[in-house]
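Accompanying notes for the structure given below.
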Amino acid sequence: MNKLENKVAIVTGASRGIGKVIAEEIAKYGAKTVCVSRSESDIKKVSDGINNDGFSSISIACDITNSDDFQKLVKTVVGQFGSVDILINNAGITKDNLIMRMSDEDWNIVIDTNLKGAFNGTKAVIRHMMKQRSGRIINISSVVGLMGNAGQANYSASKAGLIGLTKATAKELASRGITANCIAPGYIETDMTEQLSDKIKDTLIEQIPLRRIGQPKDIASTVCFLASDEAGYITGQTITVDGGMVM
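Here our numbering runs 10 ahead of the position in the sequence shown, where the first position is 1.
And the structure:
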């Protein structure tokens, strides 16, 4: 399980849900894991848990929508560990509504967090990765970025934008040994899906050929593969982890 030994990984949105499990799994693979979230207390709990399990982690609170904050975060990480090898842009929020009822504020905050945050992170790490002539950038998109979803125009646009950002990043940085890939989760069991009624869950499961809602570890395992040397010849790709829902 030491495929990422001596690697330094930044995981945004690591305080809960998919991001928390990604941080835990990538640490188990040997990476020094930097857990990032807005909430200092929440992210410290995750980082402490990783360390208590015998792995390596620190926590840093950061507003990823602020470019200067992300630059300072990366400077701190490089100062402490000497490098940054893996960036996982996972942080994301929803502010659902129909287009005709969606406020400018709800549009902007979702785009800023989900898309601009990933841009800020990518921009902050690439200079260091280019010097190393190696690096992995992994963006967590969504199947709704591929197919859209009523009531989620802002979220769908942000996640589709991540796919475009990933491809552009991959083309720009391939010559420096840096890969950029995207993961598009389907319906994954999180705090958000726990709030759904059994009837809605049954309706969702009917859309999934594997007939189950995914687990956060399904996404984390794919992240760990893309971050490893085994995925060194994969770049610019969007991998759907959705039980076959989008084919």
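Backbone N, C-alpha and C define an ideal beta-carbon position, used for all residues, glycine too.
**Message:** Rounded to the nearest angstrom, what separates ILE119 and ILE20 at their Cα positions?
**Reply:** Straight through space, the alpha carbons of ILE20 and ILE119 are spaced by roughly 22 Å.
**Assumed close pair ILE223, ILE215 - CB separation to whole angstroms, cut-off 8 Å** = Rounded to whole angstroms, the Cβ separation of ILE223 and ILE215 is 7 Å, and the two are in contact under 8 Å.
**Asked** What did DSSP end up calling GLY59 once you bin it into helix, strand or coil?
**Response** GLY59 falls in the helix class under three-state DSSP.
**Request:** Could you have a look at ASN164 and say whether DSSP puts it in helix, strand or coil?
**Result:** Three-state DSSP puts ASN164 in a helix.
**Request:** For CYS72, name the three-state secondary structure that DSSP assigns.
**Result:** For CYS72, the secondary structure class from DSSP, reduced to helix, strand or coil, is coil.
**Prompt:** Nearest CA to the CA of THR232: which residue from ASP212, ALA194, GLN205, GLY131?
**Reply:** Distance check between THR232 and each of ASP212, ALA194, GLN205, GLY131 places ALA194 closest, using alpha-carbon atoms only.
**Item:** Secondary structure of LEU97, DSSP reduced to three states
**Value:** If DSSP states are grouped into helix, strand and coil, LEU97 belongs with the strands.
**Prompt:** Apart from the five residues on each side of it in sequence, which residues of its chain come closer than 7 Å, Cβ to Cβ, to GLU15?
**Reply:** Answer for GLU15: GLY40, listed in chain order.
**Item:** For PHE129 and SER113, the rounded distance between their alpha carbons
**Value:** Put simply, the backbone Cα of SER113 is about 23 Å away from that of PHE129.
**Request:** Kindly list the residues whose CB is nearer than 6 Å to the CB of MET139, restricted to its own chain and excluding five residues on each side of it in sequence; keep chain order.
**Result:** Only GLY145, ILE188 meet the Cβ criterion.
**Request:** Specify the secondary structure class of SER66 as computed by DSSP and reduced to three states.
**Result:** In this structure, SER66 counts as coil in the three-state DSSP scheme.
**Prompt:** So, is SER207 buried or exposed, given that buried needs 16 or more other C-beta atoms within 10 angstroms?
**Reply:** With fewer than 16 other Cβ atoms within 10 Å, it is exposed.
**Message:** What does the alpha-carbon distance come out to for the pair LYS133 and LEU175?
**Reply:** About 11 Å.
**Prompt:** Between LYS17 and PHE91, what straight-line distance do the alpha-carbon atoms span, to the nearest angstrom?
**Reply:** Answer to the nearest angstrom: the Cα atoms are 9 Å apart.
**Message:** Can you check which of these residues, ASP252, GLN247, THR200, is closest to LEU220 by C-alpha distance?
**Reply:** The shortest Cα separation from LEU220 among ASP252, GLN247, THR200 belongs to ASP252.
**Message:** What residue range does the alpha helix (DSSP H) around ASN12 cover?
**Reply:** Where ASN12 is concerned, there is no enclosing alpha helix (DSSP H), given that its DSSP letter is neither H nor E.
**Request:** Give me the Cα-Cα distance between GLY158 and GLY196, rounded to the nearest whole angstrom.
**Result:** The alpha-carbon atoms of GLY158 and GLY196 are separated by roughly 12 Å.
**Asked** Grouping DSSP H, G and I as helix and E and B as strand, with all else coil, what is ARG186?
**Response** When secondary structure is reduced to three states using DSSP, ARG186 falls in the helix class.
**ASP267, buried or exposed, once every other Cβ within 10 Å from all chains shown has been counted against 16** = Because the chain is modelled from 11 through 257, residue 267 falls outside the range shown and cannot be assessed.
**Asked** When the distance is taken between beta carbons, is THR104 closer than 9 Å to GLN162?
**Response** At the C-beta level, GLN162 and THR104 come within 9 Å of one another.
**Asked** Does DSSP classify GLY145 as helix, strand or coil?
**Response** DSSP places GLY145 in the strand class (E or B) of the three-state scheme.
**Asked** Applying the criterion that 16 or more other CB atoms from any shown protein chain within 10 Å of the CB defines a buried residue, is LYS209 buried or exposed?
**Response** Here LYS209 is exposed: its Cβ has fewer than 16 other Cβ atoms, across all protein chains shown, within 10 Å.
**Beta-carbon gap between LYS42 and SER67 smaller than 9 Å** = Closer than 9 Å, so yes.
**Request:** Return helix, strand or coil for LYS133, following the three-state DSSP convention.
**Result:** In the three-state scheme derived from DSSP, where H, G and I count as helix and E and B as strand, LYS133 is classed as helix.
**Asked** What residue does the beta strand (DSSP E) around VAL42 start on, and which one ends it?
**Response** In the sequence under discussion, the amino acid at residue 42 is Lys, which differs from the Val named in the question. Its beta strand (DSSP E) spans residues 42-47.
**Prompt:** Within 8 Å: the Cβ of ALA170 and any heavy atom of the ligand SAH?
**Reply:** This structure lacks the ligand SAH, and indeed carries no ligand of any kind.
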